[in-house]
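Beneath this line is the structure, given in structure tokens, with notes to follow.
Residue numbers (my numbering): 30 to 247.
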């Protein structure tokens, strides 16, 4: 077993999850609004998604898909629609801050599934793991043995989960110290962030369409 590889995978998971992106903000916001349990469920989905993307990259599947313009267009469209939708949901959620109490009745499997899906369709995350899988591969090794491959992907997921769990914990602790007006502002800012990122990917989607139709040069 390559213990150096496993250690590096864990550290990469910790580092990748530390980047402030849609999933990072979503975990913090859910934990601040609904408690650590809901934030941790979101973190599980994101961590599993990171491990899957890393595993696909190690297998070379993502490198093949990256050469397909249709794949890039589909990813841009999916993530833009999803983020804009989440942003709108954040705005609608503001009405909850006017009530006496807040709760989230969403099934935990749905919570995990949504964060998993958001992770898998995020182009930036996909490209990151495509790059890092090449850099982390041991020298003179074309493909890892199955046990090493599974352990490496699992260690990366655990690294991501470690960071995301701390984010969820921070959200819970800060959420207790925020009044309803401050939680309202947090939700509003999160919604704006998601919509802005979604619009960015929408713009890239349009650019990819124009390139595919030959209107603009690649």
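Ideal placement from N, C-alpha and C gives every residue a C-beta, glycine not left out.
None of the values given here were measured: they were computed from a predicted structure.
- With 16 or more neighbouring CB atoms inside 10 Å of its own CB, residue 116 falls in the buried class.
- The beta carbon of residue 113 sits closer than 8 Å to the beta carbons of 223, 224, 227, 228 and 231 from its chain, once the five residues preceding and following it are set aside; these are given in chain order.
- Buried is the label assigned to residue 82, since at least 16 other Cβ atoms lie within 10 Å of its Cβ.
- Close CB contacts of residue 51 within its chain, under the 8 Å cut and outside five residues either way in sequence, are with 112, 115, 147, 151, 222, 223 and 226 (chain order).
- Shown here, residue 70 sits in a helix according to DSSP, grouped into three states.
- The Cβ atoms of residue 204 and residue 72 do not sit closer than 8 Å to each other.
- About 5 Å separates the beta carbon of residue 200 from that of residue 68, a gap short enough to meet the 8 Å contact definition.
- Out of 184, 235 and 110, the CA that lies nearest to the CA of residue 31 is found in 184.
- In the DSSP assignment, residue 43 falls within the unbroken alpha helix (DSSP H) covering 32–47.
- In this structure, residue 65 lies near residue 198, with their beta-carbon atoms less than 8 Å apart.
- In the three-state DSSP reduction, residue 58 falls in the helix class (H, G or I).
- Look at residue 197 here: in three-state DSSP terms it is helix.
- Rounded to whole angstroms, residue 179 and residue 244 show a C-alpha spacing of 44 Å.
- With respect to the 8 Å criterion, residue 74 and residue 134 are not classified as neighbours on the basis of their beta carbons.
- Of the candidates 45, 33 and 55, the residue whose Cα lies closest to the Cα of residue 220 is 55.
- Of the residues 78, 59, 240 and 36, the one whose Cα lies closest to the Cα of residue 157 is 78.
- The criterion of a C-beta distance shorter than 8 Å is not satisfied by residue 43 and residue 104.
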